[in-house]
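Q:
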Amino acid sequence: MTTDTYVAGTGVLYRFDPRAKLLLMVLLCIWFFLPVSLAGAWLVVLGVIAAGVLSVGLRRMFRTFLTILPMLAFMILFIPFNVRSGEPLLVAGPVVLATREGLLQTLRLMSRFVGVTFVCALTIQSTPMGKIMLALRWYGLPYKASLVVSLAFRFIPFIADSFSQIKDSHRLRDPNIDEGKGRKGYRSKLGDMLPTLTSALVVSLRAVPSLAMSLEHRGFGLPGKRTSYHVLETSWRLFTDLFISTMIPVALWFLFAVR
Amino acid sequence: MSQKQGSSNKVALRLALVAILTAVTVVFTMIVRIPTTKGYINLGDVAICFTAFTFGPWSAFIAGGLGTALADLLSGYAQWAPISFIVHGVEALVIALLVRSRAGRDSAEAVVPLWRKILAGIAGMAIVAGGYFVGGGALISGFSVAAVEIPANLAQSGIGVVLGLAVSQAVRRAYPPVRSLSW
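Chains as they are written, first to last, in the numbering used here: chain A, 8 to 266; chain B, 8 to 190.
1) Note down, in chain order, every chain A residue with its Cβ under 7 Å from the Cβ of Q163/B.
2) Counting C-beta neighbours from all protein chains within 10 Å, is the total for M254/A 16 or more, i.e. buried, or is it exposed?
3) Please report the Cβ distance between L77/B and V155/A, rounded to the nearest whole angstrom; I am assuming they are in contact, meaning their Cβ atoms lie under 8 Å.
4) F57/B touches chain A at which residues, Cβ-Cβ below 7 Å?
5) Please state the DSSP three-state secondary structure of L41/A.
6) Go ahead and label T130/A buried or exposed: buried means 16 or more other beta carbons lie within 10 angstroms of its beta carbon, across all protein chains shown.
7) Does DSSP classify M8/B as helix, strand or coil?
8) Identify the contact partners of Y84/B in chain A, using a Cβ-Cβ distance below 7 Å as the criterion.
9) Between which two residues does the alpha helix (DSSP H) carrying V97/B extend?
10) Interface residues of chain A around S148/B at Cβ under 8 Å?
11) With a cut-off of 8 Å on the beta carbons, I'd call V53/B and F68/B a contact; round off their distance for me.
12) Rounding to the nearest angstrom, what Cα-Cα distance links S114/B and L197/A in this structure?
13) Output the boundary residues of the alpha helix (DSSP H) element that contains V123/A.
14) Mind pulling the beta strand (DSSP E) runs of 3 or more residues that sit fully within the segment 24–86 of chain B?
15) Using the three-state DSSP reduction, which class does A15/A fall into: helix, strand or coil?
16) Might you give, ordered along the chain, the residues of its own chain that have their beta carbon closer than 8 Å to the beta carbon of L141/A, omitting 5 neighbours on each side?
17) Which chain B residues sit within Cβ distance under 8 Å of S153/A?
18) Bridge partners of P95/A, per DSSP?
19) Taking just the CA atoms, how far does S62/A sit from V19/A?
20) Could you tell me which residues DSSP puts in a beta bridge with A264/A?
21) Within the continuous alpha helix (DSSP H) that includes G165/B, where are the two ends?
22) Please determine, among Y13/A, R66/A, L35/A, P101/A, the residue with the shortest C-alpha to C-alpha distance to V123/A.
23) At a CB-CB cut-off below 7 Å, which residues of chain A make contact with Y139/B?
24) Run the CB neighbour count on I173/A, radius 10 Å, all protein chains shown included, and call it buried at 16 or more, exposed below.
25) Chain A partners of S66/B, CB-CB under 8 Å?
26) Could you tell me whether the segment 111–125 of chain A touches the segment 72–83 of chain A, where touching means 3 or more Cβ pairs closer than 8 Å?
27) On the criterion of 16 or more Cβ atoms from any shown chain inside 10 Å, does A30/B qualify as buried, or is it exposed?
28) Counting only Cβ-Cβ distances shorter than 7 Å, please list the residues of the segment 20–51 of chain A near chain B, keeping chain order.
29) For a quick check, are the C-beta atoms of T106/A and L80/B less than 9 Å apart?
30) The alpha helix (DSSP H) that contains R178/A, what's its start and end?
31) For Y150/A, count neighbouring C-beta atoms within 10 Å of its own C-beta (all shown protein chains included) and say buried if the count is 16 or more, exposed if not.
32) Terminal residues of the continuous alpha helix (DSSP H) containing A130/B?
33) DSSP three-state label for V240/A, please.
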């Protein structure tokens, strides 16, 4: 199980300050909800996809697209038929199947969904998780909250590994192991999971006291603590990057706003 | 031991507990996945309900919300992370508050009747289904698509409540010190 979504690279996005990148991500997500023209929204989506292909590669972008493909299919199937008013486009006898307004609404929601998805995915894939944490700290995320996230990331592989080992051990105890997986019903499968889940939880919870003790030994909660987070460098480059992050959505707004 | 050191020990224990429960929620959410239109059905609700039934409302709120949001980020469904944080966080908080007995912080020791736990679970299911309908409908996919997801969300959280309840009882029996970790 992987806990790192970062894709190594050297493009423009990678040289952008993580704090500015987070700001740009939030502003672009908000931008997609503003009253902008449909063509403008899709142009921005294409721009984001192009930036993604140049930065993290076509394969990664396609993988992201596959994750949203079922949702897009449902949007095409359901939204047009729910909008009954407007100019009919598709008619079967007396029944209007799709209208121009329905089609436009579908395209609008799809542009928003695809845009937000690729903007978020691109930020996560082009920034190491550690840098995202430091950027969030810069924006004021409390020390304790940062520590919880960092510790959770540290323990995810351990718990995932324990879970897999416990699952395999329990599976070996099944007398009908050679008869194949497909024969059991859902209820039986869920019932079989109970011992695995219980054991995995007990193993995980046993780590709590020792982790708490480690934190105390590091001086957690006391004056003169022995650990602290790195602080991201603040320079003119940060200012420039933050300025660019703010100006991109503003410029796009002036270009594509519906007046 | 000074009073200050004692309180810092308590904070360290709480922080460690929340971190581990967050990691558990991420693992349970990511390890078993059945694809749907919204993303996937998973066992994250089992971890959330287990936390809510076993520990206090705040551990449940943070671990449930943060765990599912982190799982969304790591699985490539980053656009769902804020909605998951709020919906699952509130789900865990409400379940934990409803099962918390009048004894307050001693809830881990008190016997909570089964009907109350079931009622809390049903409230949690309603929050998940309603939360994703409103959040997904308003912010992501439109209400007609979000409505299609309601049965899947109800099924996922329903399985979570049943397994979470069973696992909570089993863990209390298998690892009694868990009772002292509630806050």
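Glycine included, C-beta positions come from ideal geometry on N, C-alpha and C.
A: Quick answer:
1) Ordered by position in chain A, no residue passes the 7 Å Cβ test against Q163/B, which lies about 12 Å from the chain.
2) Sixteen is the threshold: since fewer than 16 other Cβ atoms of the shown chains lie within 10 Å of the Cβ of M254/A, the residue is exposed.
3) 10 Å between Cβ atoms; not a contact.
4) L208
5) coil
6) buried
7) For M8/B, the predicted structure reports a pLDDT of 48, less than 50, and the residue's modelled location is therefore unreliable. A value from the coordinates is still provided. M8/B carries a coil assignment under DSSP once its states are collapsed to helix, strand and coil.
8) T74
9) Start and end: 88–106.
10) M78, F81, M82, L116, F120
11) The C-beta distance from V53/B to F68/B rounds to 17 Å, too long to meet the 8 Å contact threshold.
12) Reliability of the predicted coordinates at S114/B is poor, the pLDDT of 49 falling under 50, and the value obtained from them is presented with this limitation in mind. Going by the C-alpha atoms only, they are around 28 Å apart.
13) 107–132
14) 40–42, 47–49
15) coil
16) Cβ-Cβ distances below 8 Å link L141/A to P25, Y236, H237, V238, L239 in the same chain, with the five nearest sequence neighbours on each side left out; the list follows chain order.
17) Within 8 Å Cβ-Cβ: nothing; S153/A doesn't reach chain B, min ~11 Å.
18) Beta-bridge partners assigned by DSSP to P95/A: T106/A.
19) Their Cα atoms are separated by approximately 7 Å.
20) V43/A
21) 157–181
22) L35/A
23) Chain A residues near Y139/B: none, gap ~12 Å exceeds 7 Å.
24) buried
25) Here the premise fails: no neighbours, minimum Cβ distance about 11 Å.
26) yes
27) buried
28) none
29) no
30) 150–179
31) Exposed is the call here.
32) First-last of the alpha helix (DSSP H) with A130/B: 121–143.
33) Checking the displayed sequence, the identity of residue 240/A turns out to be Glu instead of Val. Coil at E240/A, not helix or strand.
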